[in-house]
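Novice: Taking our numbering, the leading residue of the sequence shown gets 65, the next gets one more, and so forth.
Every residue, glycine too, gets a C-beta built ideally from N, C-alpha and C.
The structure's right below; bear with me while I get my questions together.
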Amino acid sequence: MDLSMLPDGGMRWLDASGPESMIVLSTRVRLARNLSGVRFSTRTTATDRKDILESVARACHKSGQLADAVEFDVPSMSSLDRNILHERHLISRELMGRDGRPVSSAALFTEGELGVMVNEEDHLRIQVLKSGFDLSGALASIERLDNDFGRELSFAFHPQFGYLTSCPTNVGTGLRASVLIHLPGLVLTKEISKVLQGLAQVGLTFRGLYGEGSEVVGNFFQLSNQTTLGKSEGELVDQLGKVVRQVVEYEVEARAVLERDAPVVMADKVWRAYGLLRYARNLSFEEAMNLLSGVRLGVGLGTIKDVDAYTLNKLLVYTQPGHLEDIIGLGVDEAELNEARAEYVRSLLQPGLDDGGDQTEKSSES
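This is the structure we're talking about:
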């Protein structure tokens with residue numbers, strides 16, 4: 065399937081239209097579901113997976129929210145296209161195939177901010193991805209879609225334990241809610257360890273930019289619930305929401321302290337990051353994320369005024385290896401990727417700049 069079939073590239077969450085979008089980039093809620101009477105994904109046969117996919121496809125077409133969804137047959141896609149979908153947060157590593165080989169009948173149905181992964185760790189992973197901090201809106205959207213599916217599909221459910229899942233940690237509601245949040249203030253004031261330790265005490269956890277197994281880079285954290293049993297979907301989301309609001313307040317306070325106590329150091333950090341990104345000719349992924357973090361901080365503080373949140377969000381995704389390979393072609397080495405990353409960043413932060421020389425040289429020539 066051609067990725068251009070997605071009208072917004074499947075990345076509506078990039079538009080920075082949601083609440084607190086300079087600090088909270090996106091909100092995601094997922095529900096794990098399995099069909100009753102069918103073996104879990106770890107034991108399914110190719111025939112089982114084909115039947116699951118056909119059942120979910122019928123349910124999608126009857127759903128008011130996914131009736132016109134684009135369907136991606138994951139095994140038939142190139143490894144590059146699968147990686148691009150992963151970098152856009154539309155599919156998980158499990159659906160991609162951790163060994164590079166997706167299981168048969170693995171699929172993604174997506175329309176707007178909604179999607180469903182089929183034959184992942186569970187038969188279905190229903191998800192909604194929203195811009196900014198919008199847990200209540202995400203929960204409302206996914207509950208409507210879950211109800212649509214529930215009218216067409218019979219889910220594995222136990223009266224005592226709730227929804228049954230392949231992984232015991234998802235049993236109960238099957239809900240995982242998360243926010244992607246930017247916390248440079250807490251990192252620079254060295255308060256981040258206290259905040260992260262506090263998460264564990266209330267049943268929450270943190271991960272990197274791409275969830276489980278990914279490292280924290282650029283001061284971007286994913287905060288999410290750790291348990292799904294014993295509380296309702298609403299209670300889990302409310303708990304996460306309260307903690308995230310508190311973390312946002314801590315981050316705002318930390319930024320105020322930095323501006324008050326070290327204004328020159330802060331300004332230097334922000335403008336150095338901006339200058340390097342505008343003129344660099346070679347950027348590794350980690351360096352780009354760290355510099356983008358500095359620029360994002362500057363924009364959030366109002367220090368940098370000619371860059372918007374949408375541009376920063378776009379850079380966060382399009383500087384990933386898969387997107388760069390799609391731009392410059394397959395078979396490139398790391399050095400070429402780093403050069404392409406720097407060029408792409410310059411094209412967004414300083415459009416019209418002649419790569420043959422900087423603005424000072426242009427002025428002297430004129």
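Applying the 10 Å Cβ sphere with the 16-neighbour rule, what's the burial state of N346?
Specialist: By the neighbour-count rule (16 or more Cβ atoms within 10 Å), N346 is not buried but exposed.
Novice: How big is the Cα-Cα spacing for G386 and G395?
Specialist: Distance between the alpha carbons of G386 and G395 is about 11 Å.
Novice: Check this for me: beta carbons of V281 and M330, under 8 Å apart or not?
Specialist: For V281 and M330, no; Cβs fall outside 8 Å.
Novice: Can you check which of these residues, L322, R240, L247, is closest to Q290 by C-alpha distance?
Specialist: Closest by alpha carbon: R240.
Novice: Taking Cβ to Cβ, would you say V363 is nearer than 8 Å to M86?
Specialist: A contact, by the Cβ cut-off of 8 Å.
Novice: Within a Cβ cutoff of 8 Å, which residues of the same chain sit near D48, ignoring the five residues on either side of it in sequence?
Specialist: No answer is possible for residue 48: it lies beyond the span of the chain, which begins at 65 and ends at 430.
Novice: Would you call L144 buried or exposed, if buried means 16 or more other Cβ atoms sit within 10 Å of its Cβ?
Specialist: Answer is exposed; the Cβ neighbour count stays below 16.
Novice: Classify C231: buried if its beta carbon has 16 or more other beta carbons within 10 angstroms, exposed otherwise.
Specialist: Looking at its Cβ environment, which holds fewer than 16 other Cβ atoms inside 10 Å, C231 is exposed.
Novice: Helix, strand or coil: which one does DSSP assign to K126?
Specialist: Helix, per DSSP.
Novice: Given Q414, which residues of its chain have a CB within under 6 Å of its CB, disregarding the five upstream and five downstream residues?
Specialist: Contacts found: R342.
Novice: Give me the Cα-Cα distance between L78 and R103, rounded to the nearest whole angstrom.
Specialist: Cα-Cα distance, rounded: 37 Å.
Novice: For my contact list, L293 and G366 are in at a C-beta cut-off of 8 Å; report their separation, rounded to the angstrom.
Specialist: 44 Å between Cβ atoms; not a contact.
Novice: Hey, N377 and L89: beta-carbon distance below 8 Å or not?
Specialist: For N377 and L89, yes; Cβs fall inside 8 Å.
Novice: Is E429 helix, strand or coil when you go by DSSP?
Specialist: Caution is warranted here: a pLDDT of 41 is assigned to E429, below 50, making its placement in the model unreliable, and no coordinate value can be reported.
Novice: Between the C-alpha atoms of G201 and Q286, what's the straight-line distance to the nearest angstrom?
Specialist: Answer to the nearest angstrom: the Cα atoms are 18 Å apart.
Novice: Less than 8 Å between the CB atoms is what I'm expecting for L10 and V307, so what's the real figure, rounded?
Specialist: Outside the shown range of the chain (65 to 430) lies residue 10, about which nothing can therefore be said.
Novice: Residue ranges of each alpha helix (DSSP H) run of no fewer than 4 residues wholly in the region 338-410, ordered along the chain?
Specialist: If we require 4 residues or more, the alpha helix (DSSP H) runs fully inside the region 338-410 come out as 349-365, 373-382, 385-392.
Novice: Mapping the DSSP letters down to three states, classify E315 as helix, strand or coil.
Specialist: Residue state, collapsed to three classes: helix.
Novice: Cβ of L67 within 8 Å of Cβ of A220?
Specialist: No, these two residues do not count as a Cβ contact at 8 Å.
Novice: In the DSSP assignment, the beta strand (DSSP E) including D137 goes from what residue to what residue?
Specialist: From DSSP, the beta strand (DSSP E) with D137 extends over 134-137.
Novice: For T106, count neighbouring C-beta atoms within 10 Å of its own C-beta (all shown protein chains included) and say buried if the count is 16 or more, exposed if not.
Specialist: With fewer than 16 Cβ atoms within 10 Å of its Cβ, T106 is classed as exposed.
Novice: Pull up the distance between the alpha-carbon of E407 and that of E151, whole angstroms please.
Specialist: Looking at the two C-alpha atoms, the distance is approximately 19 Å.
Novice: Quick one: give me the first and last residue of the alpha helix (DSSP H) that M160 is part of.
Specialist: It spans 157-160 - the alpha helix (DSSP H) in which M160 sits, taken as one unbroken run.
Novice: Taking only runs of the alpha helix (DSSP H) that begin and end inside the region 166-206, which ones reach a length of at least 4 residues, in chain order?
Specialist: Complete alpha helix (DSSP H) runs here, min 4: none at all.
Novice: Within the same chain, show all residues whose beta-carbon is closer than 6 Å to that of S357, passing over the 5 residues directly before and after it, in chain order.
Specialist: P248, G282, N283.
Novice: Is the distance from the Cβ of V138 to the Cβ of L70 below 8 Å?
Specialist: Against a cut-off of 8 Å, the Cβ pair of L70 and V138 comes out as no contact.
Novice: State the Cα-Cα distance for the pair A123 and Q303, rounded to the nearest angstrom.
Specialist: Taking the straight line from one Cα to the other gives about 31 Å.
Novice: Name the residue from L199, Q224, Q310 whose alpha carbon lies nearest to the alpha carbon of V266.
Specialist: Of the candidates L199, Q224, Q310, the one whose C-alpha sits nearest the C-alpha of V266 is Q310.
Novice: Quick check: the Cα distance between L130 and S156, rounded to an integer number of angstroms?
Specialist: So the two alpha carbons sit approximately 19 Å from each other.
Novice: May I have the straight-line CA-CA distance separating A23 from I148, to the nearest angstrom?
Specialist: Residue 23 cannot be examined here, being either before or after the span of the chain that is shown, 65 to 430.
Novice: Can you tell me whether V259 is helix, strand or coil according to DSSP?
Specialist: Three-state result, V259: helix.
Novice: Between the alpha carbons of P166 and I392, how many angstroms are there, rounded?
Specialist: Approximately 25 Å, taken between the alpha carbons.
Novice: Can you find the residues in the same chain that come closer than 6 Å, C-beta to C-beta, to T229, ignoring five residues on each side of it along the sequence?
Specialist: Counting only Cβ-Cβ distances below 6 Å, and skipping sequence neighbours, we find A96, D186, V235, G238.
Novice: Report the rounded CA-to-CA distance for D72 versus V371, giving the unit in angstroms.
Specialist: Those two C-alpha atoms are separated by around 21 Å.
Novice: Distance check for N183 and S195, CA to CA, integer angstroms please.
Specialist: Their backbone Cα atoms lie some 27 Å apart in a straight line.
Novice: With distances taken between CB atoms, is the gap from G164 to R76 smaller than 8 Å?
Specialist: Result no, Cβ atoms of G164 and R76 do not sit closer than 8 Å.
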